[in-house]
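*Asks:* Residues 662 to 1017 in this note's numbering are what the sequence shown lists, from first letter to last.
Idealized CB from N, CA, C, for every residue including glycine.
Bear in mind the structure is a predicted one, so any value in this text is a computation, not a measurement.
Quick one: the structure is below, questions incoming.
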Amino acid sequence: MFTSNEWDGCKLSESVRGKASYATVMSPTFWTGVTSCLKVFAPLVKVLRMVDADWKPSMGFIYGELKKAKEEIKVACVHKKTYEPIMNIISKKMKGRLDTSLHMAAYILNPYYLYNNLEVARDNDAIKGVMDVVGTLYPSDGALQKKIILTEFPIYKGKLESFGHFIAISGCEVNDEKYDPGNWWDMFGVSTPHLKEIAMRILSLTSSSSGCERNWSTFEAVHTKKRNRLEAAKLNNLVYVQFNANLIEKNNKRKPRGREVLLGNDASEAQEWIVDGDVDEFENEFAPGVSYGLINEAMGGDEHLAPRKSARLRELFEDEFESEHEEEDQECESDDGLQRGEQYAQNIDEPHDLSD
């Protein structure tokens, strides 16, 4: 950009900031520093990408890849005085976090490192990590600990029995997308069943929750008001359809199919669906000693006159929806029931002896 004619014709090229930017970008020292930064951070970024990935568990690779990154940084920096401060920073960050017994055990139980580097088999920290993990998993079974450490672990380290098969050795030579140490142990760990169980448990672990956090972030991005603002009308339509579908389903469950609830004798049953209560309720009394059933019998009616125990309308979704029109209908229905009861009561000439 700074070597083009457009920059020469730009007014920013004559400003103080423009001249400072031009001097910085065109300086060889600046690009030397950029190259050094890339050499230092490129290996570390590879480790971070591996940890952040969700296609393969990273517990069995984190310690080995950090060691590999440190070696690459040493080669890139050449001089000890250059890379030593960087090594100190990495070691400080790893201490107590990425060099625990679990990480060390995963490191040596990964055949990609053990079978491709003889020094791993002599790593005292890694061997101690295996012993610590075995003691933690089987704290009260000394015989089993002894069998795993003294019998099964040497078989794995020495490439004996099933571990010595050429497919087992060649199957862990390359750390590509197809290689999974957990699956490798499942296939070739038949000679050491207890160590196989431990290795599969450890090598199937992740070392970061960033993969899950990425999924949560995607969920939050989809369900933002800004993103769904244009879908408000569709959302309202879905709510309308769902509410009415639930209403129809509730009605079908209460009434036999093929029966019209709003015709003739079924009127009371329709009322039962609209308001709370059962059809056969006669427990309410119009006046002390005078029940609605007695009034109905005296008048020769065939309809139930007693209002329901609860005159409020059914709330299909009581926590989410309440209609103001339903409250008005409730009051009208309740008042109408009382007026009809008073009218029938006036036609009774003499009080009835309920004991008869």
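Have a look at Thr867 and Val677 and give me their C-alpha separation to the nearest angstrom.
*Replies:* Residue mapping note: residue 867 aligns to position 206 of the sequence shown, counting from 1. Residue mapping note: residue 677 aligns to position 16 of the sequence shown, counting from 1. One C-alpha to the other measures close to 51 angstroms.
*Asks:* Exposed or buried, which one is Val781 when buried takes at least 16 other CB atoms within 10 Å?
*Replies:* Along the sequence shown, one-based indexing puts residue 781 at 120. Buried is the call here.
*Asks:* What residue from Thr761, Leu864, Glu733 and Ala829 has the CA that sits closest to Met720's CA?
*Replies:* Taking the first residue of the sequence shown as position 1, residue 720 is located at position 59. Checked all of Thr761, Leu864, Glu733 and Ala829; the closest Cα to Met720 is Leu864.
*Asks:* Within 10 angstroms of the Cβ of Met765, are there 16 or more other Cβ atoms? Answer buried if so, exposed if not.
*Replies:* Residue numbering aside, residue 765 sits at position 104 when the sequence shown is read from its first letter. Buried is the call here.
*Asks:* Which of the three DSSP states, helix, strand or coil, is assigned to Val736?
*Replies:* What you label residue 736 is simply residue 75 of the sequence shown in a count that begins at 1. Reduced to three states, the DSSP call for Val736 is helix.
*Asks:* Give a yes or no on contact between the region 696-707 and the region 752-764, applying the rule of three or more CB pairs nearer than 8 angstroms.
*Replies:* No, the region 696-707 does not touch the region 752-764.
*Asks:* Quick check: Ala860 and Trp846, are their CB atoms within less than 8 angstroms of each other?
*Replies:* Here the question's residue 860 lines up with position 199 in the sequence shown. Here the question's residue 846 lines up with position 185 in the sequence shown. If you check the CB distance, Ala860 and Trp846 come in under 8 angstroms.
*Asks:* Compare the C-alpha of Ala767 against each of Glu745, Met748 and Glu726 and name the closest.
*Replies:* Taking the sequence shown and counting its residues from 1, the one referred to as residue 767 is at position 106. It is Glu726 whose Cα lies nearest to the Cα of Ala767.
*Asks:* Our contact map puts Phe663 next to Val686 with C-beta atoms below 8 angstroms; I'd like the distance itself, whole angstroms only.
*Replies:* Numbered from 1 along the sequence shown, position 2 holds the residue referred to as residue 663. Numbered from 1 along the sequence shown, position 25 holds the residue referred to as residue 686. About 6 angstroms separates the two Cβ atoms, so the contact holds.
*Asks:* So what does DSSP say about Trp845, is it helix, strand or coil?
*Replies:* Position 184 of the sequence shown holds residue 845. Here Trp845 carries a helix assignment [DSSP, helix/strand/coil].
*Asks:* Check whether the region 785-793 touches the region 733-746, counting contact only when three or more Cβ pairs, one atom from each stretch, lie closer than 8 angstroms.
*Replies:* As far as the Cβ criterion goes, the region 785-793 does not touch the region 733-746, which means the pair count is below three.
*Asks:* Do Lys707 and Ala730 have their C-beta atoms within less than 8 angstroms of each other?
*Replies:* Numbered from its first residue, the sequence shown carries residue 707 at position 46. Numbered from its first residue, the sequence shown carries residue 730 at position 69. Result yes, Cβ atoms of Lys707 and Ala730 sit closer than 8 angstroms.
*Asks:* If Asn836 sits next to Tyr773, beta carbons under 8 angstroms apart, how far is it from one beta carbon to the other, in whole angstroms?
*Replies:* Here residue 836 is taken as the residue at index 175 of the sequence shown, counted from 1. Here residue 773 is taken as the residue at index 112 of the sequence shown, counted from 1. So it is a contact: roughly 5 angstroms between Cβ atoms.
*Asks:* Kindly give me the distance between the Cβ atoms of Ile747 and Ile734, rounded to whole angstroms, as I take these residues to be in contact under 8 angstroms.
*Replies:* Translated into the one-based positions of the sequence shown, residue 747 becomes position 86. Translated into the one-based positions of the sequence shown, residue 734 becomes position 73. 6 angstroms between Cβ atoms; contact.
*Asks:* So, helix, strand or coil for Asn777, using DSSP?
*Replies:* The residue labelled residue 777 in the question sits at position 116 within the sequence shown. DSSP places Asn777 in coil when its eight states are reduced to three.
*Asks:* Output the distance between the C-alpha atoms of Leu709 and Asp760, rounded to the nearest integer angstrom.
*Replies:* Position 48 of the sequence shown holds residue 709. Position 99 of the sequence shown holds residue 760. Near 16 angstroms, if we compare the C-alpha coordinates of Asp760 and Leu709.
*Asks:* Are the beta-carbon atoms of Ser831 and Phe849 separated by less than 8 angstroms?
*Replies:* Position 170 of the sequence shown, counting from 1, holds the residue named residue 831. Position 188 of the sequence shown, counting from 1, holds the residue named residue 849. Cβ atoms of Ser831 and Phe849: not closer than 8 angstroms.
*Asks:* Could you compute how far the alpha carbon of Leu763 sits from the alpha carbon of Gln903?
*Replies:* As a working note, residue 763 is residue 102 in the sequence shown. As a working note, residue 903 is residue 242 in the sequence shown. Each residue's alpha carbon lies about 52 angstroms from the other.
*Asks:* Can you tell me where the alpha helix (DSSP H) holding His826 begins and where it ends?
*Replies:* By one-based count along the sequence shown, residue 826 stands at place 165. No alpha helix (DSSP H) contains His826, which DSSP labels as neither H nor E.
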